[in-house]
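>
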Amino acid sequence: MSSKRRRLGNHLDLIHRGGVTVQGLATLLVATGAETMTVDGLRNKMRDATKAELNKVLACSRLPLKDGTDWVWHFMDPGKLLQTLLAESPSLRQLVSTIWSRSPCTLDSPWSLVVGFDEFIPGNKLSTDQSRKTMVLSFSFMEMERCCSSVGATWFTPVVVRSNTIAQVLVQSLHLSIDNGAYWMSVETTSLNERHTLGRLHFSPRFVCGFWPTILCQLACGLSPRSWNELAEATHRVIWGVMIVVYVGGGRVAAHDEGLLGALAVRAAWPCHRWSAGPD
Amino acid sequence: MEHLLFGPLGLATAGVPVRIDGVDRLIFGRLTNLLSDGDGHRQAWDWKGASSLKPCFKHFNVLRKGSSLAERKPGFVEIDCCDSALFRSWAAAAVFKAADAVAAARARVDAGDMPRRALAELEMAVGLNHNSHGMLMSPRLRFD
Numbered sequence: 001m002s003s004k005r006r007r008l009g010n011h012l013d014l015i016h017r018g019g020v021t022v023q024g025l026a027t028l029l030v031a032t033g034a035e036t037m038t039v040d041g042l043r044n045k046m047r048d049a050t051k052a053e054l055n056k057v058l059a060c061s062r063l064p065l066k067d068g069t070d071w072v073w074h075f076m077d078p079g080k081l082l083q084t085l086l087a088e089s090p091s092l093r094q095l096v097s098t099i100w101s102r103s104p105c106t107l108d109s110p111w112s113l114v115v116g117f118d119e120f121i122p123g124n125k126l127s128t129d130q131s132r133k134t135m136v137l138s139f140s141f142m143e144m145e146r147c148c149s150s151v152g153a154t155w156f157t158p159v160v161v162r163s164n165t166i167a168q169v170l171v172q173s174l175h176l177s178i179d180n181g182a183y184w185m186s187v188e189t190t191s192l193n194e195r196h197t198l199g200r201l202h203f204s205p206r207f208v209c210g211f212w213p214t215i216l217c218q219l220a221c222g223l224s225p226r227s228w229n230e231l232a233e234a235t236h237r238v239i240w241g242v243m244i245v246v247y248v249g250g251g252r253v254a255a256h257d258e259g260l261l262g263a264l265a266v267r268a269a270w271p272c273h274r275w276s277a278g279p280d
Numbered sequence: 001m002e003h004l005l006f007g008p009l010g011l012a013t014a015g016v017p018v019r020i021d022g023v024d025r026l027i028f029g030r031l032t033n034l035l036s037d038g039d040g041h042r043q044a045w046d047w048k049g050a051s052s053l054k055p056c057f058k059h060f061n062v063l064r065k066g067s068s069l070a071e072r073k074p075g076f077v078e079i080d081c082c083d084s085a086l087f088r089s090w091a092a093a094a095v096f097k098a099a100d101a102v103a104a105a106r107a108r109v110d111a112g113d114m115p116r117r118a119l120a121e122l123e124m125a126v127g128l129n130h131n132s133h134g135m136l137m138s139p140r141l142r143f144d
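Quick note, the sequences are listed as chains A and B, same order.
The first sequence begins at 1 in our numbering and counts up by one.
The second sequence begins at 1 in our numbering and counts up by one.
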């Protein structure tokens, strides 16, 4: 048997043959260029392809453990995961489009989030080794479930983590939110017994809706607001811009939040929804 | 959960920008349901679990079998009670109030105003463990 034919045989062993002709698989391997590769090379290529897709949504977080060491936690950014799946899957996009036409989603009337949290133990079911126990967090929207409760693709799973690791982690978290009309950002490190606030930036409703935004808008953008909505829109962008400056210049945010800057920029450029129904 | 709802692309704050039917839209979400089994609820809510004095997270008047407490006060039953009409559910506000009470007790223990044993008894009575960074302790993650 020639070396080329032997390699092809090895490749075919990697693939489940049920219902597919050997000739068909051979044609596929030739078309993909896999016939000239070794088995390990093919595995590596497949792994790299998977990794490239994964890297689009992967986020990592360096977390301190109780024993003083660091642990790099890899998980999928829930927002990016949702974005990517909607971008890649026409059927899911169609589904969301249908749901959107029935119940449009806004900040004031958001969709109902359903979070699933359950354990999963990979490997031998007969093994009593509990260290393999893994917790899986998935989420979906109630609106999707009402439309198609039996479709598994409507569940998104961003986090899978071993349960014994959860207990070892000290949590550092970044909070970025709008509470009571105020923009609010803080970074907190939480240990089992105490919580330290490392930094906080707070814009009160009075500031957001008051005199200073007008001055800032005029100075920063040369904008002379002609309406409430225009003022709110400009204020919104200025404040998110300030947050970017604080994020970059402050240096108090952990390195794992590297995606935050881009998200802030996107958010700053996005139309302001909160005041869209305000007095005009 | 904090990352999902309040992260850079948080569903409850910034929203997730997506393109649907050629139009850019923002998807917002509000936590309304937590779907899990007993062990998941135990971890998520810092509940003491099925073997505790409060073996049911949903019904506050269901006590452990053989605890000899149910007959002392009307309205309480043990977990082997066959009449589900007697079970009474917690209101969400009552759960949060119990969690706040445990947190306040923990603060008093840390300040030296309260013995540690009293905290343990309170935790046993309400069926919740104190966890300063648990979901129950985050006001933004509380929902009805």
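Glycine is no exception: its CB is placed at the ideal position from the N, C-alpha and C atoms.
Comparing the C-beta of N33 (chain B) with each C-beta of chain A, is any distance below 8 Å?
At least one chain A Cβ lies under 8 Å of N33 (chain B).
> Where does I166 (chain A) land, buried or exposed, given buried means 16+ other C-beta within 10 angstroms?
Looking at its Cβ environment, which holds fewer than 16 other Cβ atoms inside 10 Å, I166 (chain A) is exposed.
> To be precise: take each residue of the region 79–107 of chain A, compare its Cβ to all Cβ atoms of chain B, and keep it if any distance is under 8 Å. Which residues remain?
Per Cβ criterion, the list reads G79, K80, L82, Q83, L86, A87, R93, V96, S97, W100, C105, T106 and L107.
> Note down the Cα distance separating N33 (chain B) from T38 (chain A), rounded to an integer number of angstroms.
If I take the Cα positions, the gap works out to 49 Å.
> Can you give me the C-alpha to C-alpha distance between R93 (chain A) and F57 (chain B), rounded to a whole angstrom?
Rounded to the nearest angstrom, the two C-alpha atoms are 37 Å apart.
> Taking the continuous beta strand (DSSP E) assigned at N33 (chain B), which residues delimit it?
Its beta strand (DSSP E) spans residues G29 to S36.
> By DSSP, does T157 (chain A) sit in helix, in strand, or in coil?
DSSP places T157 (chain A) in strand when its eight states are reduced to three.
> Counting Cβ pairs closer than 8 Å, one from the region 106–117 of chain B and one from the region 10–21 of chain B, do we hit at least three?
Too few Cβ pairs lie closer than 8 Å, so no.
> Considering just the uninterrupted stretch of the beta strand (DSSP E) at R19 (chain B), what are its terminal residues?
Element bounds for R19 (chain B): V16 to I20.
> Let me confirm a value: Q23 (chain A) is counted as buried when at least 16 other C-beta atoms fall within 10 Å, else exposed. Which label applies?
When all chains shown are included, Q23 (chain A) counts as exposed.
> Quick check on V281 (chain A) - is its C-beta less than 8 Å from some C-beta in chain B?
Outside the modelled stretch of chain A, which goes from 1 to 280, sits residue 281 (chain A), for which no answer is possible.
> Can you look up L95 (chain A) in the DSSP assignment and give me helix, strand or coil?
The answer is helix: DSSP assigns L95 (chain A) an H, G or I state.
> Given this structure, state the Cα-to-Cα distance separating E143 (chain A) from K56 (chain A), to the nearest angstrom.
If you take the alpha carbons of E143 (chain A) and K56 (chain A), they lie about 27 Å apart.
> Chain B partners of P64 (chain A), CB-CB under 8 Å?
None at all; the shortest Cβ gap to chain B is about 13 Å.
> Do we get a CB-CB distance below 8 Å when we pair D46 (chain B) with the residues of chain A?
Output row for D46 (chain B): interface = no.
> If I'm right that A105 (chain B) touches A118 (chain B) with Cβ under 8 Å, what's the distance once you round it to whole angstroms?
The Cβ separation is near 7 Å, so the contact holds.
> Starting from the beta carbon of R25 (chain B), find every residue of chain A whose beta carbon is closer than 8 Å, and list them in chain order.
Within chain A, the residues near R25 (chain B) are W100 and C105.
> Just the C-alpha distance for Q298 (chain A) and G68 (chain A), rounded to the nearest angstrom, thanks.
Chain A is shown only over 1 to 280; residue 298 (chain A) falls outside these bounds and no answer can be derived.
> What residues of chain B sit near D118 (chain A), judged by a beta carbon separation below 7 Å?
Within 7 Å Cβ-Cβ: S36, D37 and G40.
> So M142 (chain A) contacts chain B; which residues on that side make the cut at Cβ distance below 8 Å?
Within chain B, the residues near M142 (chain A) are T32 and N33.
> Cutting at 8 Å between CB atoms, please list the residues of its own chain near R25 (chain B), excluding the five before and the five after it.
Closer than 8 Å at Cβ, skipping near neighbours: P17, V18 and R19.
> Count the C-beta pairs between the region 92–106 of chain A and the region 114–134 of chain A that are closer than 8 Å, then say yes if the count reaches three, no if not.
Touching, no.
> Let's test the definition: count the other Cβ atoms within 10 Å of the Cβ of D64 (chain B) and tell me whether it reaches 16, buried, or not, exposed.
First, the residue type needs correcting, since residue 64 (chain B) is Arg and not Asp in the sequence shown. So R64 (chain B) counts as buried.
> Within the 8 Å Cβ cut-off, does L4 (chain B) reach chain A?
Yes, L4 (chain B) lies at the interface with chain A (some Cβ there is under 8 Å from its Cβ).
> Kindly indicate the opening and closing residues of the alpha helix (DSSP H) around R108 (chain B).
Start and end: A92 to A111.
> Express the C-alpha separation of L42 (chain A) and L4 (chain B) in angstroms, rounding to a whole number.
Using only the alpha carbons, I get a separation of about 36 Å.
> Return the residues of the region 62–79 of chain B that lie within a Cβ-Cβ distance of less than 7 Å from chain A, sorted by chain order.
Those residues of the region 62–79 of chain B that come within reach of chain A (Cβ to Cβ, closer than 7 Å) do not exist; the list is empty.
> Can you give me the start and stop residues for the alpha helix (DSSP H) that P78 (chain A) sits inside?
It spans P78 to E88 - the alpha helix (DSSP H) in which P78 (chain A) sits, taken as one unbroken run.
> Are the C-beta of P110 (chain A) and some C-beta of chain B separated by less than 8 Å?
Chain B contact via Cβ: present.
> Along chain A, which residues have their Cβ under 7 Å away from the Cβ of G29 (chain B)?
Per Cβ cutoff of 7 Å: P110, W111, L113 and F141.
> Check whether the Cβ of M1 (chain B) lies closer than 8 Å to any Cβ atom in chain A.
Yes, its Cβ sits closer than 8 Å to a Cβ of chain A.
> On the criterion of 16 or more Cβ atoms from any shown chain inside 10 Å, does P74 (chain B) qualify as buried, or is it exposed?
It is exposed - the Cβ of P74 (chain B) has fewer than 16 other Cβ atoms within 10 Å.
> Going by the DSSP bridge assignment, what does A59 (chain A) pair with across the sheet?
Paired residues: A:F75.
> With DSSP run on the structure shown, which of helix, strand or coil describes P104 (chain A)?
DSSP places P104 (chain A) in coil when its eight states are reduced to three.
> Flag this pair as touching only if the region 119–134 of chain B and the region 78–93 of chain B have three or more C-beta atom pairs under 8 Å; answer yes or no.
No: fewer than three Cβ pairs fall under 8 Å.
> Please list the residues of the region 91–114 of chain B that have a C-beta atom closer than 9 Å to any C-beta atom in chain A, keeping them in chain order.
Answer set for the region 91–114 of chain B: R106 and D110.
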